[in-house]
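As structure tokens, the structure follows; a few thoughts come after it.
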Amino acid sequence: MTVTTANLQTFKERGQPITALTATEYAIAKLIDRAGVDLILVGDSLAMVALGHKNTLPVTLDQMIHHAQAVGRAVENALLVVDLPFMSYQESDEQALRSAGRVIKETQAQALKLEGGYPDMVDRVSRIVQVGIPVMGHIGLTPQAVHRLGFRKQGIDEAAAAEIFKQAEALVEVGVFALLLEHMPVELAGKITQAVPIPTIGIGAGDACDGQILVTHDLLGLSAWQPPFAPKYIDLSTIITTILQKYCQDVQDHNFPTN
Ligand code: KIV
Ligand code: NA
């Protein structure tokens, strides 16, 4: 965990793209870290890709901490960021501080991310930053609001784009170290990236951001559901299935073990 939030700021100033991926457990986290990825997020998308839920809402703070502890044991280089899950910070500033404190005390996380779309999240972020915990904002499509927003691109019309732009400025004002921009028009993500002094990291937000993040299960072709903006770099599901079938065949044919 040698990458710091200050390093990411330098990346932006140098125009050096920031690389980020999610991780859910030890083995793959280790590969991601050794590959030189700058930021590793224990995202609440683990509710879907690791726990099999339909959306991110069911995952608990205890479960996030459990996964983050495993990832933390693997990460030596990347900045480790952990998502606060649904209803671990929405109730009150006090609840948010308690949840934030637990993640920082019980895992190796150096920073937190929370979905900051609503006006009152700005104060909440401010309180967490004030106790010394770096926070990454998350605007645009915020999956914890799936029942209100759907899994749809946000900020399409002018008023909605202006609203997201305002949220970006408000979050910067209270000291977020970076902004995650999810599923919004490339023009809007570019405008935010130009306007804010801190790094933006995009997903489904085009190439104008200061960095990019993907859900690793999507990248590797291991997700049951693939968002439209997530490319599959490889179809690991097919490759793994072939290997598993070969193992079964070898056992059935008495080809394994060989002695
Ligand atoms: O939980 C997650 O995977 C995220 C993505 C937007 C990277 O927050
Ligand atoms: Na998330």
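The sequence shown runs -5 to 253 under my numbering.
Backbone N, C-alpha and C define an ideal beta-carbon position, used for all residues, glycine too.
I need the DSSP call for residue i, collapsed to helix, strand or coil.
{"i": "V129", "result": "strand"}
{"i": "T136", "result": "coil"}
{"i": "V209", "result": "coil"}
{"i": "L108", "result": "strand"}
{"i": "I197", "result": "strand"}
{"i": "L45", "result": "coil"}
{"i": "L216", "result": "coil"}
{"i": "C256", "result": "Outside the modelled stretch of the chain, which goes from -5 to 253, sits residue 256, for which no answer is possible."}
{"i": "Q60", "result": "Correcting the residue type first, residue 60 is His in the shown sequence and not Gln. H60: helix per DSSP, three-state reduction."}
{"i": "A224", "result": "coil"}
{"i": "L91", "result": "helix"}
{"i": "S231", "result": "helix"}
{"i": "I192", "result": "coil"}
{"i": "F145", "result": "coil"}
{"i": "S82", "result": "coil"}
{"i": "L55", "result": "helix"}
{"i": "V65", "result": "helix"}
{"i": "V97", "result": "helix"}
{"i": "M178", "result": "coil"}
{"i": "N253", "result": "coil"}
Among the options, which has the Cα closest to the Cα of residue i?
{"i": "L74", "options": "Q102, I26, G200 and P179", "result": "Q102"}
{"i": "E167", "options": "G131, G196, L182 and P137", "result": "G131"}
{"i": "D212", "options": "E109, V(-3), L25 and L40", "result": "L40"}
{"i": "A23", "options": "M81, A64 and Q57", "result": "A64"}
{"i": "L45", "options": "H60, D32 and P179", "result": "H60"}
{"i": "D38", "options": "Q57, L143 and T232", "result": "Q57"}
{"i": "A17", "options": "T136, P221, T194 and A72", "result": "A72"}
{"i": "A183", "options": "A172, G169, F171 and A202", "result": "A202"}
{"i": "F171", "options": "P79, N249, K107 and L238", "result": "K107"}
{"i": "D117", "options": "E85, P137 and L135", "result": "E85"}
{"i": "Q124", "options": "I133, D87 and H141", "result": "D87"}
{"i": "R121", "options": "G95, G144, R142 and L143", "result": "G95"}
In the DSSP assignment, what residue or residues form a beta bridge with residue i?
{"i": "A172", "result": "M130"}
{"i": "D77", "result": "K107"}
{"i": "V36", "result": "V76"}
**OP:** Jot down the residue ranges of each uninterrupted alpha helix (DSSP H) in the segment 6 to 33, minimum 4 residues, whole runs only, in chain order.
**Re:** 20 to 28
**OP:** Specify whether the segment 89 to 103 and the segment 141 to 148 touch according to this definition: at least 3 beta carbon pairs, one from each stretch, less than 8 Å apart.
**Re:** no
Original post:
With contact counted as at least three CB pairs below 8 Å, one residue from each stretch, are the segment 206 to 220 and the segment 185 to 193 in contact?
Top reply: no
Original post:
Does the pairing of the segment 157 to 167 with the segment 135 to 144 give three or more beta-carbon distances under 8 Å?
Top reply: no
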